[in-house]
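Engineer: Chains L and Z supply the protein sequences, listed in that same order. For the first sequence, the numbering used here assigns the number 2 to the initial residue and increments by one for each residue that follows. For the second sequence, the numbering used here assigns the number 2 to the initial residue and increments by one for each residue that follows. Using N, Cα and C, we set each Cβ at its ideal position, and we do this for glycine too. Since this is a predicted model, take the numbers as computed values, not measurements. First, the structure itself, so that you have it in front of you.
There are 2 protein chains.
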Amino acid sequence: MSDTPWLVLLKKSLERHRNITEARYLQLATITPENRPANRTVVFRGFYGDKDCLKFAVDNRSRKVYQVALQPWAEACWYFTQTREQFRLSGLLHLVEANNADINLQQARQTSWQELSDNARLQFAWDNPGQPRAEDADFALPVPPSEKPLANFCLLLLEPMQVDYLNLVGNPQNRYIYSRYDGWSVKEVNP
Amino acid sequence: MSDTPWLVLLKKSLERHRNITEARYLQLATITPENRPANRTVVFRGFYGDKDCLKFAVDNRSRKVYQVALQPWAEACWYFTQTREQFRLSGLLHLVEANNADINLQQARQTSWQELSDNARLQFAWDNPGQPRAEDADFALPVPPSEKPLANFCLLLLEPMQVDYLNLVGNPQNRYIYSRYDGWSVKEVNP
Chain L
2 MSDTPWLVLL KKSLERHRNI TEARYLQLAT ITPENRPANR TVVFRGFYGD
52 KDCLKFAVDN RSRKVYQVAL QPWAEACWYF TQTREQFRLS GLLHLVEANN
102 ADINLQQARQ TSWQELSDNA RLQFAWDNPG QPRAEDADFA LPVPPSEKPL
152 ANFCLLLLEP MQVDYLNLVG NPQNRYIYSR YDGWSVKEVN P
Chain Z
2 MSDTPWLVLL KKSLERHRNI TEARYLQLAT ITPENRPANR TVVFRGFYGD
52 KDCLKFAVDN RSRKVYQVAL QPWAEACWYF TQTREQFRLS GLLHLVEANN
102 ADINLQQARQ TSWQELSDNA RLQFAWDNPG QPRAEDADFA LPVPPSEKPL
152 ANFCLLLLEP MQVDYLNLVG NPQNRYIYSR YDGWSVKEVN P
C-alpha cells in the first residue's frame, strides 16, 4: 500500500463508508472549449499505478472527453458524509482509449470493463449520450459481453498533483494542503 | 412560487430530502486565474429573486472570490442520494459584497447572515482561510453578533442559464436539458 499521506486518509474514509454506495460518487470538474467550468458526478472505480491515480469509466462520445483533450487539468471534489471530510483532488486527467499502446493501461482498461455491473456496461451500448433522444431509440439492448470492452469505453485516470483536505469535525476544523513536486509535501492552513 | 420547470423538480427533491442535512451540500466549480478548474462543496442557502438564483455564503478572503471576478461562469453539481437525481446548474455567479449599492441585494445579504448558525458565523471571524495556520492562531473567538454582517461576509448568487437534469431511476434513465434564452426551453436527451 502506498504511503502517500493523503491517500492513507482517503482509504480510511472509503473503509469507513464501505457500506454506503453513494460514498463512491464524487464530482469531477473540467473546463469546456468555451472556457466554462463543467461539473458532474462520477463513480470512483479504484486506484491505479504508483502515482495514486483515481480510475473512472467514461464513454468516448461524452463531452468530457473533448474537454480533457483541450485542458487535462481537473479538480475532483469528494465529500464523505459520515466522517464530514472533504478531499479536493487537483491534477491531470489521462484518457485510456481502445487504441492506447501501453500494455499495462490496456490491461487496466479491460479489467475496469469487466468489473462494471451489467447495467453500467449496457449504457455504453446506448445511443450517443447528451444527443437529442429519438422517439424510437432502443435502450432495451442485450448487455455487452464482459470479455472485451466496447470500442467507446475508456478508462479515465486522475493523477493528483495537489490535495486539499478538510475535516469538519472539531473546532476549529482541520485543513491540510498536500502538494507534489519530487515527493509529497504538506502544510497546515486555516480552515 | 416560480413555475420554472427544473425548479419544480429541484424543490421536490429538496422536500423529499428535508431531513437530510447533507442534501443541502452541492459542488461548485469555477475557473482559477491559471485556467484550471476549482471545485468545492458549498451549502445551499435558499433561492433569490425572479431569476431563480441559488444563494451561498462566502468569505471575500477565499480564493473563489478572485476566481469569480475573472470568470463568472460556474457549474454546480447537485446529487440527491435518495431519489438518485443529478442537477447540473450552469450559469453566472454574482458576488454581493458589503459595498453593494442595490438595496434588495444588501437586504438579502443581511438576511443570509442572520440565518447562519453561530458556528457558521464564527468562521468569518477566523484567520484568513487557506493561509498557513499560525501556531498561536486563536479560533476560540466570540461569535460575531447576528445583527450586522462582518465586512468579509458575502452573498454569492448563482444565476442558472442551463440545467442538465438526470434521473437515474428507471431503465433507461431520463435526462433533460433546460436552457434559458427569453424563457426556459427543454429538450430530452440520451442519458
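Would arginine 64 (chain L) pass as a contact of valine 44 (chain L) if the rule is Cβ separation under 9 Å?
Structural biologist: Contact flag unset, no.
Engineer: In whole angstroms, what is the alpha-carbon distance linking proline 145 (chain Z) and leucine 167 (chain L)?
Structural biologist: Roughly 23 Å between the two C-alpha positions.
Engineer: By the 8 Å beta-carbon criterion, what residues does the region 85–109 of chain L contribute toward chain Z?
Structural biologist: Correct list: Gln87, Arg89, Ser91.
Engineer: Give the straight-line distance between the Cα atoms of glutamine 87 (chain L) and asparagine 175 (chain L), rounded to the nearest whole angstrom.
Structural biologist: Approximately 11 Å between the Cα atoms of the pair.
Engineer: Going along chain L, which residues have a C-beta under 7 Å from cysteine 54 (chain Z)?
Structural biologist: Here the premise fails: no neighbours, minimum Cβ distance about 17 Å.
Engineer: With respect to the beta strand (DSSP E) encompassing asparagine 175 (chain L), which residues constitute its N-terminal and C-terminal limits?
Structural biologist: Asparagine 175 (chain L) -> beta strand (DSSP E) spans 175–181.
Engineer: How far does the beta strand (DSSP E) with glutamine 87 (chain Z) in it reach, from first residue to last?
Structural biologist: 86–97 is the extent of the beta strand (DSSP E) around glutamine 87 (chain Z).
Engineer: Give me the chain L residues within the contact set of asparagine 129 (chain Z), using Cβ-Cβ distance strictly less than 8 Å, ordered along the chain.
Structural biologist: Ordered by position in chain L, the residues that pass the 8 Å Cβ test against asparagine 129 (chain Z) are Asn191.
Engineer: So what's serine 14 (chain Z) in DSSP terms, helix, strand or just coil?
Structural biologist: Helix.
Engineer: Could you give the DSSP three-state label for leucine 142 (chain Z): helix, strand or coil?
Structural biologist: It is coil, neither helix nor strand.
Engineer: Does the structure place the region 69–86 of chain L close enough to the region 14–31 of chain Z that three or more beta carbon pairs sit under 8 Å?
Structural biologist: Result yes; three or more Cβ-Cβ pairs closer than 8 Å.
Engineer: For the structure I just gave you, are there three or more beta carbon pairs, one from the region 8–16 of chain Z and one from the region 113–127 of chain Z, closer than 8 Å?
Structural biologist: Contact fails: fewer than three Cβ-Cβ distances are below 8 Å.
Engineer: Where does arginine 41 (chain Z) sit, in a helix, a strand or coil, going by DSSP?
Structural biologist: In this structure, arginine 41 (chain Z) counts as strand in the three-state DSSP scheme.
Engineer: Any Cβ of chain L within less than 9 Å of the Cβ of proline 34 (chain Z)?
Structural biologist: It does not; no Cβ of chain L falls within 9 Å.
Engineer: Roughly how many whole angstroms lie between the Cα atoms of leucine 96 (chain L) and isoleucine 104 (chain L)?
Structural biologist: Distance between the alpha carbons of leucine 96 (chain L) and isoleucine 104 (chain L) is about 14 Å.
Engineer: For aspartate 165 (chain L), which of L:Gln111, L:Gln108, L:Arg181 has the nearest alpha-carbon?
Structural biologist: Selected option, being the one with the closest Cα: L:Arg181.
Engineer: At which residues does the beta strand (DSSP E) containing threonine 31 (chain L) begin and terminate?
Structural biologist: Taken as a continuous stretch (DSSP letters only), the beta strand (DSSP E) holding threonine 31 (chain L) covers 26–32.
Engineer: Run down chain C in chain order and give the residues with a C-beta less than 8 Å from the C-beta of arginine 17 (chain L).
Structural biologist: Protein chains L and Z are contained in the structure displayed, whereas chain C is not.
Engineer: With a 10 Å radius around its C-beta and 16 neighbouring C-beta atoms as the bar for buried, classify glutamine 269 (chain Z) as buried or exposed.
Structural biologist: What the structure shows of chain Z is the stretch from 2 to 192, and residue 269 (chain Z) is not part of that stretch, so it cannot be assessed.
Engineer: Could you tell me whether any non-hydrogen atom of the ligand GTP is closer than 8 Å to the CB of tyrosine 166 (chain L)?
Structural biologist: In the structure shown, the ligand GTP is absent, as is every other ligand, since no ligand is present at all.
Engineer: Would you mind reading off the limits of the beta strand (DSSP E) that contains alanine 102 (chain L)?
Structural biologist: It is not in any beta strand (DSSP E) - alanine 102 (chain L) carries neither H nor E in the DSSP assignment.
Engineer: DSSP has glutamine 163 (chain L) in a bridge; who is on the other side?
Structural biologist: Paired residue(s): L:Ser91, L:Ser180.
Engineer: I'd like the list of long-range same chain contacts for asparagine 61 (chain Z), defined as Cβ closer than 7 Å, with 5 residues on each side in sequence excluded.
Structural biologist: Taken in chain order, the residues that qualify are Glu98, Asn153, Cys155.
Engineer: Just to confirm, are valine 69 (chain L) and leucine 94 (chain L) a CB contact at a threshold of 9 Å?
Structural biologist: Result yes, Cβ atoms of valine 69 (chain L) and leucine 94 (chain L) sit closer than 9 Å.
Engineer: Give the straight-line distance between the Cα atoms of threonine 82 (chain L) and valine 170 (chain L), rounded to the nearest whole angstrom.
Structural biologist: Rounded to whole angstroms, threonine 82 (chain L) to valine 170 (chain L) spans 11 Å at the Cα level.
Engineer: Could you name the residues of the same chain whose beta carbon sits closer than 7 Å to that of methionine 2 (chain L), not counting the 5 residues immediately before and after it, in chain order?
Structural biologist: Summary for methionine 2 (chain L): the model assigns pLDDT 48, below 50, so the residue's position carries little reliability; its value from the coordinates is reported in the next sentence. So no residue of the chain qualifies.
Engineer: Could one say the Cβ of cysteine 78 (chain Z) lies closer than 9 Å to chain L's Cβ atoms, at least one of them?
Structural biologist: Yes, because at least one Cβ of chain L sits closer than 9 Å to the Cβ of cysteine 78 (chain Z).
Engineer: Where cysteine 54 (chain Z) and aspartate 4 (chain Z) are concerned, what is the direct C-alpha to C-alpha distance, given to the nearest angstrom?
Structural biologist: Roughly 14 Å separates the two Cα atoms.
Engineer: Could you check which residue in L:Pro173, L:Glu136, L:Lys56, L:Glu16 has the C-alpha nearest to that of leucine 106 (chain L)?
Structural biologist: For the residues L:Pro173, L:Glu136, L:Lys56, L:Glu16, the minimum Cα distance to leucine 106 (chain L) belongs to L:Lys56.
Engineer: Just the chain L side, please: which residues come within less than 7 Å of tyrosine 26 (chain Z) by C-beta, in chain order?
Structural biologist: Those are Tyr80, listed as they occur along chain L.
Engineer: Please list the residues of the region 112–141 of chain L that have a C-beta atom closer than 9 Å to any C-beta atom in chain Z, keeping them in chain order.
Structural biologist: Answer set for the region 112–141 of chain L: Asn120, Leu123, Gln124, Trp127, Asp128, Asn129, Pro130, Gly131, Gln132, Pro133, Arg134, Ala135, Ala138, Phe140, Ala141.
Engineer: Could you tell me if tyrosine 67 (chain Z) is buried or exposed, where buried requires 16 or more neighbouring beta carbons within 10 angstroms of its beta carbon?
Structural biologist: It counts as exposed.
Engineer: Go ahead and label proline 34 (chain Z) buried or exposed: buried means 16 or more other beta carbons lie within 10 angstroms of its beta carbon, across all protein chains shown.
Structural biologist: Under this definition proline 34 (chain Z) is an exposed residue.
Engineer: Per DSSP, phenylalanine 154 (chain Z) forms a beta bridge with which residues?
Structural biologist: According to DSSP, which records beta bridges pairwise, phenylalanine 154 (chain Z) is partnered with Z:Asp60.
Engineer: List the residues of chain Z whose Cβ lies closer than 7 Å to the Cβ of glutamate 23 (chain L), in chain order.
Structural biologist: The answer, in chain order, is Thr82.
Engineer: If we ignore side chains and look at the alpha-carbon of each, how far apart do isoleucine 178 (chain Z) and proline 133 (chain L) end up?
Structural biologist: Going from the Cα of isoleucine 178 (chain Z) to the Cα of proline 133 (chain L) covers about 10 Å.
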